[in-house]
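A.B. asks: Chain order of the listed sequences is A and B.
Here the first sequence stands for residues 1 to 146, where the numbers follow UniProt numbering.
Here the second sequence stands for residues 1 to 146, where the numbers follow UniProt numbering.
One structure is given below, represented as structure tokens, and several questions about it will come after.
Protein chains: 2
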Amino acid sequence: MLTANQAAQQLGMSVHTVRYYANQGLIPNLQRDAHNQRQFDTAALNWLQACQYLRQSGMSIHDLKQYVALCQTGATTLPTRHAMLVALAQQAQARVVAAQQQVAYIQQQLACYDHDEQTAQADILNPSNWTTPAATAANIDRQNNR
Amino acid sequence: MLTANQAAQQLGMSVHTVRYYANQGLIPNLQRDAHNQRQFDTAALNWLQACQYLRQSGMSIHDLKQYVALCQTGATTLPTRHAMLVALAQQAQARVVAAQQQVAYIQQQLACYDHDEQTAQADILNPSNWTTPAATAANIDRQNNR
DNA sequence: AGCTTGCTTGAGAGTAACTCTCAAGTGCTA
DNA sequence: TAGCACTTGAGAGTTACTCTCAAGCAAGCT
Chain A
1 MLTANQAAQQ
11 LGMSVHTVRY
21 YANQGLIPNL
31 QRDAHNQRQF
41 DTAALNWLQA
51 CQYLRQSGMS
61 IHDLKQYVAL
71 CQTGATTLPT
81 RHAMLVALAQ
91 QAQARVVAAQ
101 QQVAYIQQQL
111 ACYDHDEQTA
121 QADILNPSNW
131 TTPAATAANI
141 DRQNNR
Chain B
1 MLTANQAAQQ
11 LGMSVHTVRY
21 YANQGLIPNL
31 QRDAHNQRQF
41 DTAALNWLQA
51 CQYLRQSGMS
61 IHDLKQYVAL
71 CQTGATTLPT
81 RHAMLVALAQ
91 QAQARVVAAQ
101 QQVAYIQQQL
111 ACYDHDEQTA
121 QADILNPSNW
131 TTPAATAANI
141 DRQNNR
């Protein structure tokens, strides 16, 4: 049995967030002790961790509430839950690609700087002189298809 | 010369966001016409696009303001700006890895479902039965090192 | 000229998901 | 008995938008 603080530490999140999730009803059957303090057993910790990961994966609190409710309704809601997770995975996959493009975009500006550092006449790291994101995206596409 | 609305459309962002950025001072020397309407020339559009991409890459509005100020100060601030971009690229790279882990985590839960769909006794897509994120992370590490 | 439609403006309220502060209550130790 | 560490709920603050509103102006129709 862990307190809110201990549960938070174990999962590397803030105690504020743990209480926030609990107050939002994201942890079913969360027990309290005689002094009204939250008690996290293994099941509660499991839910908390799932909330943490689904949030990090891009599911909103609103959708998380729905998901929890569906879980509590029972196995008849399995297809719905499955669809939610498939959509979530697609979103997360899109974020992988987006983040890759962002890295490439920044590194492209940096490459200009590193190359011209000594002889730079123009102000390289000034947006008005930047290569376009479109050009960066095209570069990434080229790399991915190679 | 474009209006706020036209500039927004060209860059695929909302006109609200464009005005927000302009009000935050992120677009230096933004002109107005006789009726006080914003006029986006090529330079302004360039700044707007840079703001869009730096924001998407994870730079906060606060840091963006600083970056714009540094650009306006001149080439003496190049090393500072370079350092900011290097840090930003690192953050974006971290997000690539995180997003990959999130995809893998969700797909791992989905794989359980797909495998046991016919014979499922347990409620597969219920967090209390989920494989741990730690296990997922380990799997990804294994794939990356392979 | 009058009216409508469609754009713009600033001001300000609303949103998500925390994040922080506060006062009050409890338990443990010196 | 005091002090410190910890918990609680309530509520304010934060970021980066996002939306609503009333007011202003411009062009087109009647």
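By construction, the Cβ of each residue, glycine as well, lies at the ideal position given by its N, Cα and C atoms.
Everything numeric in this text was worked out from a predicted model, so none of it was measured.
Below 8 Å on the Cβ atoms is my contact criterion, and I expect residue 4 of chain B with residue 18 of chain B to pass it. Report the Cβ-Cβ distance as a whole number of Å.
C.D. replies: So it is a contact: roughly 5 Å between Cβ atoms.
A.B. asks: Using a 10 Å radius around the Cβ and a threshold of 16 neighbouring Cβ atoms, would you call residue 23 of chain A buried or exposed?
C.D. replies: Looking at its Cβ environment, which holds fewer than 16 other Cβ atoms inside 10 Å, residue 23 of chain A is exposed.
A.B. asks: With which residues is residue 2 of chain A paired in a DSSP beta bridge?
C.D. replies: BP columns for residue 2 of chain A point to A:40.
A.B. asks: Tell whether a beta-carbon distance below 9 Å holds between residue 26 of chain A and residue 48 of chain A.
C.D. replies: Yes. Within cutoff.
A.B. asks: DSSP state of residue 91 of chain B, grouped into three classes?
C.D. replies: Three-state result, residue 91 of chain B: helix.
A.B. asks: Would you say residue 25 of chain A reaches chain B, if we count a Cβ-Cβ gap shorter than 9 Å as a contact?
C.D. replies: No, residue 25 of chain A lies away from the interface with chain B (no Cβ there is under 9 Å from its Cβ).
A.B. asks: Could you tell me the alpha carbon to alpha carbon distance between residue 11 of chain B and residue 106 of chain A, rounded to whole angstroms?
C.D. replies: So the two alpha carbons sit approximately 18 Å from each other.
A.B. asks: Ends of the alpha helix (DSSP H) at residue 61 of chain B?
C.D. replies: Here the alpha helix (DSSP H) through residue 61 of chain B covers 61-73.
A.B. asks: Bridge partners for residue 167 of chain A per DSSP, in chain order?
C.D. replies: As displayed, chain A neither begins before 1 nor continues past 146, which places residue 167 of chain A out of reach and without an answer.
A.B. asks: Counting only Cβ pairs nearer than 7 Å, list the residues of chain A close to residue 95 of chain B.
C.D. replies: The contacting residues are 99.
A.B. asks: Would the beta-carbon of residue 7 of chain A fall within 9 Å of that of residue 43 of chain A?
C.D. replies: In this structure, residue 43 of chain A does not lie closer than 9 Å to residue 7 of chain A by Cβ.
A.B. asks: Just the Cα atoms here: how many angstroms apart are residue 224 of chain A and residue 80 of chain B?
C.D. replies: The requested residue 224 of chain A is not part of the displayed model; chain A covers only 1 to 146.
A.B. asks: In three-state DSSP terms, what is residue 100 of chain B?
C.D. replies: It is helical.
A.B. asks: Flag this pair as yes or no: are the beta carbons of residue 87 of chain A and residue 92 of chain B separated by less than 9 Å?
C.D. replies: In this structure, residue 92 of chain B does not lie closer than 9 Å to residue 87 of chain A by Cβ.
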